[in-house]
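Reading through the structure tokens given below for one structure.
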Amino acid sequence: MTQPVPMTELWRGPLLESLHLGHAVICDDTGQIVRSWGDPQSVIYPRSSAKMIQALPLVTSGAAAKYGLTSEHLALACASHNGAAIHTDRVTAWLDHLGLNEHDLRCGPQEPADTAARDRLILADDTPCQIHNNCSGKHCGFLTLAQHMGAGPEYLEIDHPVQQACLSAVEETTGETSPAYGIDGCSAPNFATSLFGLARSMAWFASAADRSDRSSDAAMQLVAAMVKHPELVAGENRACTELMLAMNGRVAIKTGAEAVFVAIIPEKRMGVALKITDGTTRASECAIAAILVSLGVLEAEHPATRKFMNATQYSRRGLECGVIKPATGFPD
Numbered sequence: 036m037t038q039p040v041p042m043t044e045l046w047r048g049p050l051l052e053s054l055h056l057g058h059a060v061i062c063d064d065t066g067q068i069v070r071s072w073g074d075p076q077s078v079i080y081p082r083s084s085a086k087m088i089q090a091l092p093l094v095t096s097g098a099a100a101k102y103g104l105t106s107e108h109l110a111l112a113c114a115s116h117n118g119a120a121i122h123t124d125r126v127t128a129w130l131d132h133l134g135l136n137e138h139d140l141r142c143g144p145q146e147p148a149d150t151a152a153r154d155r156l157i158l159a160d161d162t163p164c165q166i167h168n169n170c171s172g173k174h175c176g177f178l179t180l181a182q183h184m185g186a187g188p189e190y191l192e193i194d195h196p197v198q199q200a201c202l203s204a205v206e207e208t209t210g211e212t213s214p215a216y217g218i219d220g221c222s223a224p225n226f227a228t229s230l231f232g233l234a235r236s237m238a239w240f241a242s243a244a245d246r247s248d249r250s251s252d253a254a255m256q257l258v259a260a261m262v263k264h265p266e267l268v269a270g271e272n273r274a275c276t277e278l279m280l281a282m283n284g285r286v287a288i289k290t291g292a293e294a295v296f297v298a299i300i301p302e303k304r305m306g307v308a309l310k311i312t313d314g315t316t317r318a319s320e321c322a323i324a325a326i327l328v329s330l331g332v333l334e335a336e337h338p339a340t341r342k343f344m345n346a347t348q349y350s351r352r353g354l355e356c357g358v359i360k361p362a363t364g365f366p367d
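Each residue of the sequence shown is one higher than the one before, counting from 36 in this note's numbering.
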């Protein structure tokens with residue numbers, strides 16, 4: 036088996052303090068590998084990087100149209116959001132539109148990553164609820180699809196029609212039979228795939244405009260929603276949001292837990308998938324930025340890029356003390 040390769044380095048002074056290894060694949064619209072690092076056949080859980088795939092049945096089923104979902108709803112369905120007011124207000128309104136409430140969610144409560152939202156909870160002596168969960172938009176999508184199908188409320192069960200529809204979407208777009216599933220942080224099944232399969236799926240999304248079938252139309256809607264509302268996909272100070280803004284709607288990107296990252300590049304009909312083997316997010320953020328720069332869709336010196344790649348590290352007194360940068364030779 037091909038071993039993971041160095042992708043991200045953390046230097047402190049003259050010494051290499053940390054080195055992060057990983058695998059990555061770039062696929063084209065024919066489903067072929069354009070370039071790879073490490074083992075493209077490495078089997079991973081895509082985690083939240085697969086939310087666009089999980090949202091496909093929401094659109095292809097007709098549920099999104101039936102319930103009048105807008106591009107904001109679709110962006111939230113693909114989101115791992117910060118739990119800021121711009122996210123939770125919209126999730127609350129979505130549930131209300133369905134005639135449901137927070138108790139119908141099955142994602143579990145989560146403290147918001149957004150500082151203002153967290154401070155409001157503390158000042159009100161309140162606790163986080165499921166709407167604050169970073170996956171609550173995805174779960175609203177599941178609930179919408181379940182209502183449309185006339186299926187039961189336990190939409191996370193593996194044999195529930197919602198999850199079977201998600202499995203079909205994963206297998207159809209990756210071109211692989213998923214070998215296993217695990218339970219994600221939000222309690223939803225997460226279907227394993229090879230990194231090659233995940234990149235192939237992203238290339239399928241990227242080339243959707245070249246096709247006229249229902250699934251491809253749904254893919255275009257989801258990608259358009261992500262790049263139109265990058266602030267809903269993640270939030271302030273997040274790599275997904277800031278790098279999408281830096282690319283001016285040209286590329287959709289999505290992170291997943293344990294250092295997975297994907298990119299959808301319509302103008303090149305390419306998809307990218309990467310996984311840092313030690314699960315460190317700072318490393319996957321740097322690595323995806325480096326690949327996007329190498330493909331000519333992200334400016335190396337853009338301020339957003341410099342927050343995640345070739346990023347100066349500071350002490351708590353503001354002294355320059357190190358740098359996070361692509362590993363020597365990556366991705367060249």
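For each residue, glycine too, the CB sits at the ideal point set by N, CA and C.
Among the options, nearest to residue i - alpha-carbon criterion
| i | options | result |
| --- | --- | --- |
| ASP149 | HIS138, LEU133, ASN136, ASN168 | ASN168 |
| HIS174 | HIS116, SER213, GLY48 | HIS116 |
| GLU355 | PRO366, ASN345, THR363 | ASN345 |
| ALA223 | THR43, LYS86, GLY73 | LYS86 |
| ALA281 | LEU267, PRO92, GLU336, ASP252 | GLU336 |
| GLU423 | THR127, LYS342, ASP194 | With the chain covering 36 to 367 only, the question about residue 423 has no answer from this structure. |
| PHE365 | ALA324, SER171, THR340, VAL358 | ALA324 |
| THR209 | VAL358, VAL78, ARG351 | VAL78 |
| THR316 | ASP245, SER84, ARG125 | SER84 |
| GLY357 | MET279, LEU51, THR37 | LEU51 |
| HIS108 | ASP367, GLU266, TYR349 | GLU266 |
| THR228 | VAL295, LEU191, ALA253, THR162 | VAL295 |
| ASP219 | GLN198, ARG235, SER236, ALA234 | GLN198 |
| GLU334 | GLY353, LEU111, ASN283 | ASN283 |
Within 8 angstroms, strictly: CB atoms of residue i and residue j
| i | j | result |
| --- | --- | --- |
| GLU373 | ARG82 | In the structure as shown, the chain begins at 36 and stops at 367. Residue 373 is therefore absent and cannot be evaluated. |
| SER106 | ALA269 | no |
| ALA287 | GLY57 | no |
| LEU104 | ASP139 | no |
| ALA152 | ALA119 | yes |
| ALA200 | LEU230 | no |
| GLN165 | GLY185 | no |
| ALA128 | GLY172 | no |
| LEU133 | GLN182 | yes |
| ALA238 | MET42 | no |
| SER213 | GLU206 | yes |
| ASP245 | ASP63 | no |
| GLY217 | LEU93 | no |
| TRP72 | ALA59 | yes |
Any non-hydrogen atom of the ligand COA within 7 angstroms of residue i CB
| i | result |
| --- | --- |
| THR276 | The ligand COA is not part of this structure, which contains no ligands at all. |
Span of the alpha helix (DSSP H), counted from its first residue to its last, around residue i
| i | result |
| --- | --- |
| LYS173 | 171-184 |
| PHE296 | Segment 295-300 is the beta strand (DSSP E) holding PHE296; no alpha helix (DSSP H) there. |
| CYS321 | 316-329 |
| VAL262 | 249-263 |
| MET279 | 274-281 |
| LEU202 | 196-209 |
| PRO163 | Element bounds for PRO163: n/a, residue is neither H nor E. |
| ARG125 | 120-132 |
| ARG341 | 338-343 |
Per DSSP, cross-strand counterpart(s) of residue i
| i | result |
| --- | --- |
| GLY357 | ARG47, GLN348 |
| HIS55 | THR43 |
| CYS62 | ILE68, GLY306 |
| SER229 | VAL78 |
| LYS289 | VAL297 |
| ILE311 | GLY57 |
| PRO92 | DSSP lists no partner for PRO92. |
| PRO147 | In DSSP, PRO147 forms no bridge with anything. |
| PRO224 | ILE218 |
Whole-angstrom C-beta distance between residue j and residue i, which should lie under 8 angstroms
| i | j | result |
| --- | --- | --- |
| THR312 | PRO39 | 5 angstroms |
| THR290 | ALA274 | 6 angstroms |
| ILE61 | MET305 | 6 angstroms |
| ILE299 | ALA241 | 5 angstroms |
| ALA253 | THR37 | Going by Cβ atoms, the distance from ALA253 to THR37 rounds to 34 angstroms, so no, they are not a contact pair. |
Endpoints, the beta strand (DSSP E) within which residue i is located
| i | result |
| --- | --- |
| ILE218 | 216-218 |
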